[in-house]
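Written below as structure tokens is the structure these notes are about.
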Amino acid sequence: KIRVLRISFFNVHNDWVLWQVQNRFSKISHPPDSMLIYSKSQLGRWGNSNHCDYFVGEARWTTLSEQEVMDYYQPIKLPPAKGLTQPLSGFPYVGVRVAFLKNNKIYGPDIVGEQCFLPDNLCQIRNWDVDVSFYPDRTLYLAYVFDVGYEPDDIRCH
Numbered sequence: 096k097i098r099v100l101r102i103s104f105f106n107v108h109n110d111w112v113l114w115q116v117q118n119r120f121s122k123i124s125h126p127p128d129s130m131l132i133y134s135k136s137q138l139g140r141w142g143n144s145n146h147c148d149y150f151v152g153e154a155r156w157t158t159l160s161e162q163e164v165m166d167y168y169q170p171i172k173l174p175p176a177k178g179l180t181q182p183l184s185g186f187p188y189v190g191v192r193v194a195f196l197k198n199n200k201i202y203g204p205d206i207v208g209e210q211c212f213l214p215d216n217l218c219q220i221r222n223w224d225v226d227v228s229f230y231p232d233r234t235l236y237l238a239y240v241f242d243v244g245y246e247p248d249d250i251r252c253h
């Protein structure tokens, strides 16, 4: 029996774009005393959009305060996943964002009450494989880029 494997150009292309975002993110510097706990990257469609969105992030710990962590990452910008500008904002960059993990919750600028502006499955600590109780005297945080709004040219984005 012969099996035919069909690979869409767009699937391969979007996997390559996600790899580029991962590669760019891997080159940013983190606070000197921070340590990587876990990393994730995903391509897909989240919320009520019909766009291709790219997420790359890391769970990390540090001895810095939450404000120091936010101040550290605030000036870091990466090129958009595709093209010269980010499609929703029109900016020529995507900023590195930060959220914090405490008391089995994720909170920060992209989490407002029960609304979490991260990919749906990443809004809960259990999906980051982080045991918050293991780091009692540390600031736990997520550093990430979430580049959204690209043409849904991939079945994973519908």
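Count along the sequence shown starting at 1, add 95, and that's the number in the working numbering.
Each residue gets a CB set at the ideal place from its N, CA and C atoms; glycine is no exception.
If you're wondering where the values come from, they're calculated on a predicted model, not measured in any experiment.
Mind checking whether residue i and residue j have CB atoms under 8 angstroms apart?
| i | j | result |
| --- | --- | --- |
| Gln181 | Val193 | no |
| Val107 | Ala176 | no |
| Ser134 | Gly152 | yes |
| Asp148 | Val243 | yes |
If you draw a straight line from the C-alpha of residue i to the C-alpha of residue j, how long is it?
| i | j | result |
| --- | --- | --- |
| Ile171 | Gln219 | 25 angstroms |
| Asp226 | Gln169 | 26 angstroms |
| Asn216 | Lys200 | 13 angstroms |
| Arg233 | Gln162 | 13 angstroms |
| Thr157 | Ile206 | 21 angstroms |
| Pro231 | Tyr167 | 22 angstroms |
| Pro204 | Lys197 | 15 angstroms |
| Phe229 | Val164 | 20 angstroms |
| Ile123 | Trp114 | 15 angstroms |
For a test of the three-state rule: what should DSSP assign to residue i, helix, strand or coil?
| i | result |
| --- | --- |
| Arg192 | strand |
| Leu159 | coil |
| Ser134 | strand |
| Val240 | strand |
| Val151 | strand |
| Ile123 | coil |
| Leu183 | coil |
| Tyr168 | helix |
| Gln115 | helix |
| Leu213 | coil |
Since I believe residue j is in contact with residue i (beta carbons under 8 angstroms), could you give me their beta-carbon distance rounded to a whole number of angstroms?
| i | j | result |
| --- | --- | --- |
| Ala238 | His125 | 7 angstroms |
| Phe195 | Leu138 | No, Phe195 and Leu138 are not in contact; Cβ-Cβ is about 25 angstroms, not under 8 angstroms. |
| Arg119 | Leu173 | 5 angstroms |
Near residue i, what residues of its chain come up, given a Cβ to Cβ distance below 6 angstroms and the 5 sequence neighbours on each side ignored?
| i | result |
| --- | --- |
| Phe150 | Gln137, Pro214, Phe241 |
| Trp223 | Tyr133, Ala154 |
| Cys211 | Cys218 |
Excluding five sequence neighbours on each side, which residues of the same chain lie with their C-beta closer than 7 angstroms to the C-beta of residue i?
| i | result |
| --- | --- |
| Tyr202 | Ala194, Phe195 |
| Gln117 | Ser136, Val151 |
Report all residues from its chain with a CB closer than 8 angstroms to the CB of residue i; omit the five preceding and five following residues, and keep chain order.
| i | result |
| --- | --- |
| Leu179 | Pro187 |
| Leu159 | Pro126, Asp128, Ser129, Tyr167, Thr234 |
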